[in-house]
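Sequential numbering from 0 applies to the sequence shown in numbering that gives the first Met the number 0.
In this text, a Cβ means the ideal position worked out from N, Cα and C, and glycines have one as well.
These figures come from a predicted structure and were not determined experimentally.
Each remark here refers to the structure printed beneath this line.
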Amino acid sequence: MICVTIACGSHTRMIAEHQTLADSGVQLVELRLDFLRREPDVGRLIPVRPTATIITVRRKLEGGLWRDTEENRFRLLRAAIAEGPEFVDLEVDIADEIPPYGKTRRIISFHDIEKMPENLDALHKEMSGKSPYFIKIAATPRSVDDMFRFIRFVQQKNQQAKTLGEKGVRVIGICMGETGKATRILAKKFGMPYTYSTFSEERVIAPGMLVYRDLLDLYHYEQTNQDTDVYGIIGNPLGHSLSPLIHNRSFVEQKVNAVYVPLPLEDSEVSGFVQRAEEFGIKGISVTIPHKVAVIKELTRMDPAVEKIGACNTVVFRGGEKLGYNTDYLAAVSSIEIALGGNTKDEVSVLDNKNALVLGAGGAAMAIAYGLKRRGTAVTICDINGNRAYETAKQLDIEVIDWKARDKFKCDVLANCTPVGMFPKVDETPLDKAALHPGMVVFDAVYNPENTLLIKNARSKGCYAVSGVEMFVGQACLQYKLFTGQKASATFMRQLVKDAISAAR
Ligand code: NAP
């Protein structure tokens, strides 16, 4: 079940939002009385509640907005309970002030917005002595170890509660912060009775809180369970990644019991995370900027392409092994071959004996240059940073030219692997239009927008134009196969990407 928290300043608005949520199928709502600007009137709010309701009055210490005295807070909580809501949230240290009353069930809570409690078992024991119906612990991990320690604790306590049947007290455990989002998405996997969410983006009142509709539609929360396989993406930042969308929708479409979560990690957290991910049911991860290089030293085995390119974008966890792949290079090269009417299975690629110029010397450039070379293409690279281009050329044993010489260079295939032309700077292009000629293949790794200025110019000059959407979809399809063993639908993923890009405008 998903609980939606309503935190707004007026009674009228709170009642209206509660009704809207009930009408859209929400079954549990938390009313945050500390957000009300006027003195809370529980007699107005609780009797008309259209769903099961949790009453919460959070003080500042735990991130709440209660401005009045503690005595008045206790008075308000007692008055609220007298109205008979289904649940009341009481912080562990004040729970004794508010004795159990009537049918209202007690959620005994603990919050730490700075750190993770050292002794979770001792805290749980103390909370268990306060007549809880549920125990809620929301804390802030300071490291990946903290997060894993907490998840293990929550899983164990919920397992014990299940064994005890009706007498068992289940734990809602939330890791606050962006990385903690995964604990909110995976609540059912970890045996929690429900997870908290918010009404809309503007109403995010705790770090990492998710919007109700995203939990339902993007992360298919209601379909997850303790057997759900977990996949995710590590990188930083991840705010605009389309990977959760296309993988999650494909899982639902193909009835695969899996969920794909964002895992924004700091550089220092990558090693600890990759080493222990499998212990927590994580089966595979996509890896994006800036961790594609750092993750390599954590692998137990890798595809030769990973070693040669020096970047890994996919890790599969299996039987203690951490297997590394690079699906970028194959996706980019295949998308060009398909545009030329070729087939990735052809013995001799349509790219054989062609001459390519790669712009950029970062991760995408390395992957494409490597892939083209493997297909028999003579590859030349250039980058705004001459030294970087030289180093890349040396590593891949390809040619290098000066960045300023790119417009005069004669090639059959041009691959833009710089961010030039990317939203919002859509009026820029990395190569002069005059340098394009009919029959040339122009590939642009940039996929937002799909039709960059370079791609538009290429079409108008009679070139074969291949957008970055093809590479993005291609690398995701290959990842999906590595993760699940099943073939993804490129058509389905492509449409999702195109819709998401245009909706973001
Ligand atoms: P990266 O590792 O940061 O490399 C970017 C390269 O572009 C670097 O060589 C950089 O030069 C150069 N560059 C940056 N700004 C430039 C400018 N204004 N003019 C000329 N060169 C510039 O990034 P990446 O991972 O390779 O990604 C490059 C592009 O490909 C991005 O737009 C990314 O979104 C896209 N991409 C697409 C896919 C896909 O699936 N379609 C996959 C991966 C990447 P320096 O040497 O000076 O840093």
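For residue i, three-class secondary structure by DSSP
i, result
"residue 320", "strand"
"residue 197", "strand"
"residue 301", "strand"
"residue 110", "strand"
"residue 29", "strand"
"residue 442", "strand"
"residue 354", "strand"
"residue 172", "strand"
"residue 398", "strand"
"residue 310", "coil"
"residue 104", "strand"
"residue 251", "helix"
"residue 315", "strand"
Where the alpha helix (DSSP H) through residue i begins and ends
i, result
"residue 476", "467-483"
"residue 5", "First-last for residue 5: 1-5, but that is the beta strand (DSSP E), not the alpha helix (DSSP H)."
"residue 502", "489-502"
"residue 326", "326-338"
"residue 161", "143-163"
"residue 75", "69-81"
"residue 126", "119-127"
"residue 269", "269-275"
Start and end residues, beta strand (DSSP E) containing residue i
i, result
"residue 88", "86-90"
"residue 456", "Here residue 456 belongs to no beta strand (DSSP E); instead the alpha helix (DSSP H) covers 452-459."
"residue 135", "133-138"
"residue 259", "257-263"
"residue 285", "281-286"
"residue 415", "412-415"
Inter-residue CB distance, residue i and residue j (contact presumed, cutoff 8 Å)
i, j, result
"residue 366", "residue 396", "Their Cβ separation, rounded to whole angstroms, is 15 Å, which puts residue 366 and residue 396 out of contact at 8 Å."
"residue 480", "residue 487", "7 Å"
"residue 87", "residue 80", "5 Å"
"residue 422", "residue 447", "5 Å"
"residue 243", "residue 217", "6 Å"
"residue 53", "residue 196", "Going by Cβ atoms, the distance from residue 53 to residue 196 rounds to 13 Å, so no, they are not a contact pair."
"residue 316", "residue 271", "Actually they do not touch by this definition, with Cβ atoms about 14 Å apart."
"residue 163", "residue 329", "Not really, about 51 Å apart at Cβ, beyond 8 Å."
"residue 125", "residue 91", "6 Å"
"residue 483", "residue 205", "Actually they are not in contact, since the Cβ atoms of residue 483 and residue 205 sit about 33 Å apart, beyond 8 Å."
"residue 97", "residue 73", "6 Å"
"residue 286", "residue 233", "6 Å"
"residue 336", "residue 350", "6 Å"
"residue 156", "residue 123", "6 Å"
"residue 260", "residue 305", "Going by Cβ atoms, the distance from residue 260 to residue 305 rounds to 23 Å, so no, they are not a contact pair."
"residue 51", "residue 75", "At roughly 20 Å, the Cβ-Cβ gap does not stay under 8 Å, so residue 51 and residue 75 are not in contact."
"residue 64", "residue 33", "5 Å"
"residue 378", "residue 388", "Incorrect: roughly 12 Å between the Cβ atoms, too far for contact."
Any non-hydrogen atom of the ligand ATP closer than 7 Å to residue i Cβ
i, result
"residue 364", "The model depicted lacks the ligand ATP and carries the ligand NAP instead."
Min CB distance residue i to chain C below 8 Å
i, result
"residue 64", "No chain C appears in the structure shown, which is made up of a single protein chain."
Runs of beta strand (DSSP E) wholly within the region 175-240 (minimum 3 residues, chain order)
194-197, 228-234
Residue ranges of each beta strand (DSSP E) within the region 11-63, 3 or longer:
The beta strand (DSSP E) runs lying completely inside the region 11-63 and spanning 3 residues or more are 27-31, 51-55, given in chain order.
Identify every run of the beta strand (DSSP E) within the region 352-391, keeping only runs that are complete inside it and at least 3 residues long; order them along the chain.
354-358, 377-381
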